[in-house]
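Scroll down for the structure; my scribbles are underneath it.
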Amino acid sequence: MRYIISVLLLFSFFSCHKKEYNEQELLKAFLNHSYYSYSETDIKNAMKRGMSGIKAIDKNFEIIPLKGKRVKKVEKNNKAEFFYPFILKKQGNHYLIVKVFDYSIAFEAGLKNGVLNSINSKNIDMLDPYVLEKEIENSEELSISFNDGKGDWSMKLKKELRSFPFVWSLALDESSAYVNLLSISKNSAEYFKNNITNISRRGIKNLIIDLRGVSGGNYDEAAIITGYFSKDKKSYSIKSSKQGYNKEFIITENPFTNFKLIVLTDGETKLLGEIMAQTLKENGAAIVGEKTGAGIYITKLFKVGNNSAANITVAKLYPPSQKDMDDGLIPDYTVSFSEYRKFAVRYVIDSDPVIAKAMELLGIN
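In the working numbering, the protein residues as written are -17 to 347.
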């Protein structure tokens, strides 16, 4: 009787833990698409060892359930977050308005770059940048007075900004500018080029390019952007053991090779953001921030059963030097900032220690 119960329990266990994929389909996916050049025997031997065996030959491998009921639901927060449409910078004993986002209500009402005299009738000159940042962030409405070089003006502001351009920039002084690349999508390279062209006409020679939080996106656009700064017109490449995934990017324009570059990174700088940072470093950029996320593999889903798909590594990104980026990119100057958010406004730019370090390196007061 005990023997029968044991057999039934064993049968029940294996029934509940049966493979969630078709072995032949998985084998075919690996042979036709894997970045790695494993033989059929190698893959079969790995599959015999189960999930751990397959992950040993592809660390990014996982089985994704396609059944709706098995996908974990994530509750969306539909509450929109709004921001004031300006950015300040400490200069000497004053705070300057160095950025007013175009087409905002405040912009249309006349808010311009200049000296910020007061906020809510309070003189702010002696406030620490971080203290001022928190005061602005916690205020639902602001009464400000400022001087735009033509006169003193007063106005009331409300938080109104909820979306941002793909690329936006601001001048930090007469020779340096900060550029935030929010996403790498279609036409990002054109927006980026137009942005840099416009600020270069003002005598800007130093750029701080913020790649924190940048990961996926359009591979061609990323290559074009990095190519703008390459004297020998070289960018990164995509490599695989399968010819269909290999790609070398042809760079036709490099108008910004004379800029001094500082690139900002963090742990969320992965894939395209990561390879862009390394490519720019190989073109003379200094890296400031945190170690990148070590995510330079391209993966793709392949259906391997009625209700499952396999995530398989199909290619890997390489910088012009062909350096292996498996361990990520270690910055030249390590600075951490846990409060950074990509899709938000940091009202006082000096209160971001990563940007502050970059400005220090450029000698910006």
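Built from N, CA and C at the ideal position, the CB exists for glycine as well. Treat the numbers as computed from the prediction; the structure is a model and nothing was measured.
Annotation: the continuous alpha helix (DSSP H) that includes Ser170 extends over 170 to 182. A distance of 8 Å or more separates the beta carbons of Val286 and Leu13. Contact between Pro301 and Ile269 does not hold, since their C-beta atoms are separated by about 13 Å, which reaches or exceeds 8 Å.
In the three-state DSSP reduction, Ser34 falls in the helix class (H, G or I). Closest by C-alpha distance to Tyr210, out of Phe319, Val196, Tyr329, Ser170, is Ser170. DSSP places Pro47 in the strand class (E or B) of the three-state scheme. The region 118 to 125 makes no contact with the region 25 to 38; the number of CB pairs closer than 8 Å stays below 3.
In the same chain as Val149, and ignoring 5 residues on each side of it, the C-beta atoms closer than 6 Å to its own belong to Leu163, Tyr173, Phe174, Asn177, in chain order. Residue burial annotation: Tyr85 is exposed, with fewer than 16 other C-beta atoms found within 10 angstroms of its C-beta. Within the model, the alpha-carbon separation for Asn188 versus Phe43 is close to 42 Å. Shortest Cα-Cα distance from Leu98 to any of Ala91, Asp110, Asp130 involves Asp130.
Following the DSSP letters along the chain, one finds Phe68 inside the beta strand (DSSP E) bounded by residues 68 to 73.
The three-state secondary structure of Gly310, taken from DSSP, is coil.
By alpha-carbon distance to Lys132, the top candidate from Asn200, Asp155, Leu154, Gly96 is Gly96. Boundaries for Val245: no alpha helix (DSSP H) harbours it, while the beta strand (DSSP E) harbouring it runs 242 to 247, taken from the DSSP string. The Cβ-Cβ distance between Ile244 and Ile190 falls below 8 Å.
Glu264 has its alpha-carbon roughly 29 Å from the corresponding atom of Glu321.
If you look at Glu123, you'll find it in the beta strand (DSSP E) that goes 123 to 129. Proximity to Met108 across Leu124, Ser167, Tyr77, Val82 peaks at Tyr77, based on C-alpha coordinates. Distances from the CA of Ser212 to each of Phe238, Asn228, Ser222, Pro47 were compared; the closest alpha carbon is that of Phe238. Judged by DSSP secondary structure, Gly96 falls within the beta strand (DSSP E) whose first and last residues are 96 to 101. For Ile280, the enclosing beta strand (DSSP E) begins and ends at 279 to 287. Thr251 sits in coil when the DSSP states are folded into three classes, being neither helix nor strand. Closest in C-alpha terms to Arg184, from the list Tyr66, Asn200, Glu156, comes Glu156. When rounded, the separation of the alpha-carbon atoms in Leu283 and Ile294 is 6 Å. For Glu256, the closest C-alpha among the options Ala204, Tyr315, Gly92, Ser182 is that of Ala204.
Checking the DSSP bridge columns, you'll see Tyr77 partnered with Lys72, Leu98.
With a 10 Å radius around the Cβ and a threshold of 16 neighbouring Cβ atoms, Lys252 comes out buried. In terms of Cβ geometry, Asp248 and Gly195 form a close pair [threshold 8 Å].
Excluding its 5 nearest sequence neighbours in each direction, Lys221 has C-beta neighbours in its own chain below 7 Å: Asn228, Ala297, Lys298, Tyr300, listed in chain order. Annotation: the continuous alpha helix (DSSP H) that includes Gly209 extends over 201 to 209. In the DSSP assignment, Lys140 forms a beta bridge with Glu123. According to the DSSP assignment, Leu163 belongs to no alpha helix (DSSP H) but to the beta strand (DSSP E) extending over 158 to 163. Counting only the Cα atoms, Phe231 lies some 38 Å from Glu2. For Val317, the secondary structure class from DSSP, reduced to helix, strand or coil, is coil.
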